[in-house]
Amino acid sequence: FELGFEDAVAVLKSNHEKLRMPRRSPKEWFKKYFLEAHNRFDYKQFYISITMIFGSMIAGMTSEGGGAVAFPVMTLAFSISPAIARDFSLMIQSVGMTAATFTIFWMRIQLEWRSIIFCSSGAILGMIIGLEFIDPNLTPPQKKMGFVSIWFAFAFALFLLNRYHKRKTFRIIPEFNTWKAGVLLLTGFIGGIFSAVAGSGVDICSFSILTLLFRVSEKTATPTSVVLMAGNTVVGFYWRQVMMEEIHIDSYHYLAVCVPIVVLGAPLGSVIGSHFHRQVLAALIYILDTVALISAFAIVKLNPTLIGVSVGIIVFGFVFFGFLSYLGHRLMRKREECEERLCSHCINVETRNTSASVIGNDLDARVEKMDYGWEMDNKITHNHITRRHQRQ
């Protein structure tokens with residue numbers, strides 16, 4: 001038995017020595033993952049890795065995830081299948097957004113945790129339903145045009161937000177109650193469906209609701225959307241790989257060359273974004289979403305139905321986000337009116353208390369004078385009686 005065991009150990013050691021790979025130098029790593037094209041990689045990996053340099057930094061700086069850059073570039077510029085682009089977006093954001101989330105926690109940036117909890121709960125359900133039932137029934141052109149149309153509508157929402165330069169904002173959702181929790185759940189559910197189709201979506205849905213409806217500051221809404229998207233992409237990646245087992249091998253090839261980039265780019269974007277003015281970041285999103293929309297209309301083979309649906313999505317998005325901004329303005333006015341009534345009531349109560357104290361002090365003074373006068377009269381009477389007795 002001992003001899004057989006020793007032989008087995010010797011065989012395992014020899015096999016281990018055969019399987020050991022020498023450590024690659026940076027030059028060899030670059031050659032293998034970017035220049036070799038034999039049955040494994042092609043030129044697209046090189047360009048997509050360059051794309052994700054900017055995509056990861058934009059993901060850290062703004063409320064749009066890296067998938068908002070990767071998905072249109074992969075599907076429109078390189079004609080990659082939307083399913084592969086979606087899976088890659090989920091996979092790469094589960095790495096980059098998680099790294100950015102760690103940076104946000106380390107910097108102790110303010111977050112709206114109630115939005116994270118309720119939106120994540122709805123997003124998980126929306127992600128599963130979207131992956132299982134909605135995404136298989138959509139054609140690639142529908143996915144491409146739907147993505148760029150929704151993101152262009154989001155740019156309009158950002159424009160509405162930045163019209164008011166000195167608007168009043170809150171660090172967290174004010175006066176949180178049941179209907180606000182329901183709105184966040186529904187927002188997460190819709191955003192989860194968008195993420196199931198295009199690889200991102202719950203982040204911009206959460207950002208729009210927080211800023212337009214609840215008037216939360218962008219300094220809180222942006223990192224909140226990053227943390228929210230990090231958790232949502234992990235769930236989507238898990239569901240596609242473990243439950244559905246349908247992730248294409250090309251998605252892993254793209255992931256292999258982009259992971260070293262996004263783990264540095266996303267946290268770096270979070271740090272850089274804290275030093276930029278919000279108008280600069282908003283202008284960057286305007287340009288990206290407009291270029292994506294124009295490119296989609298120029299590249300995708302369109303039919304009248306698809307054109308009508310795309311225009312309808314854009315118009316509906318404009319109306320919807322405008323309505324959200326209007327509701328947010330009404331909620332703000334109602335809150336300000338309540339604060340004014342409360343302040344006026346406090347002022348009236350304080351005035352009454354002040355008047356009562358003045359009257360009370362006046363009465364006390366009068367009583368003191370009366371007491372003093374009474375004492376003086378008693379003293380005078382007593383002195384008069386005493387002198388009469390002395391004369392007698």
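Quick note on numbering: the sequence shown equals residues 1 to 392 in UniProt numbering. Ideal Cβ positions, reconstructed from N, Cα and C, are used throughout, including at glycine.
Local conformation of residue i per DSSP, three classes
i: V300; result: coil
i: F170; result: strand
i: S217; result: coil
i: I285; result: helix
i: Y326; result: helix
i: S81; result: coil
i: H253; result: helix
i: R108; result: coil
i: I247; result: coil
i: T62; result: coil
i: G265; result: helix
i: residue 478; result: Residue 478 lies beyond the residue range present for the chain, which begins at 1 and ends at 392; the question has no answer from this structure.
i: G201; result: coil
i: S274; result: coil
Residue closest to residue i, alpha-carbon to alpha-carbon, out of the options
i: S149; options: N303, E340, T290, S325; result: T290
i: residue 394; options: I109, D135, T103; result: Only positions 1 to 392 of the chain appear in the structure, and residue 394 is not among them; the question remains open.
i: N162; options: S208, T305, H253, T187; result: S208
i: I249; options: Y47, I80, G65, V73; result: I80
i: P141; options: N303, E218, H329; result: N303
i: F118; options: K219, I92, F176; result: F176
i: R330; options: K168, F318, N232, V242; result: K168
i: A282; options: S63, Y47, Q45, F46; result: S63
i: S276; options: A77, Y238, K219, Y254; result: Reading off the sequence shown, one finds Phe at residue 276, where the question assumed Ser. For F276, the nearest C-alpha among the options comes from K219.
i: T75; options: T305, F297, F316, G312; result: F297
i: F78; options: M244, F46, S310; result: F46
Residues near residue i in its chain [Cβ-Cβ closer than 6 Å; skip 5 each side]
i: G199; result: G67, F71, R86, S89, L90
i: F154; result: I204
i: L264; result: none
i: I172; result: E112
i: V259; result: V95
Residues near residue i by beta carbon distance below 8 Å, same chain, minus five either side
i: A100; result: A59, G60, V226, A230, A266, P267, G269, S270
i: V69; result: T51, M52, F54, G55, I58, A59, L288
i: F321; result: A153, F154, F156, A157, L160, S208, L212
i: W239; result: M127, I128, L131
Contacts around residue i, its chain only, beta-carbon distance under 7 Å, and the 5 residues preceding and following it disregarded
i: S121; result: L185, G188
i: I84; result: H248, D250, S251
i: L125; result: F189, G192
i: I285; result: T62, E64, A155, L158
- Message: Would you call the stretch 323 to 333 in contact with the stretch 209 to 225, where contact means no fewer than 3 C-beta pairs closer than 8 Å?
- Response: Taking one beta carbon from each stretch, the stretch 323 to 333 and the stretch 209 to 225 have 3 or more pairs nearer than 8 Å; the two touch.
- Query: Can you give, in chain order, each stretch of the alpha helix (DSSP H) that sits fully within the stretch 124 to 177 and has at least 4 residues?
  - Reply: Unbroken alpha helix (DSSP H) stretches of 4 residues or longer found wholly inside the stretch 124 to 177: 140 to 162, given in chain order.
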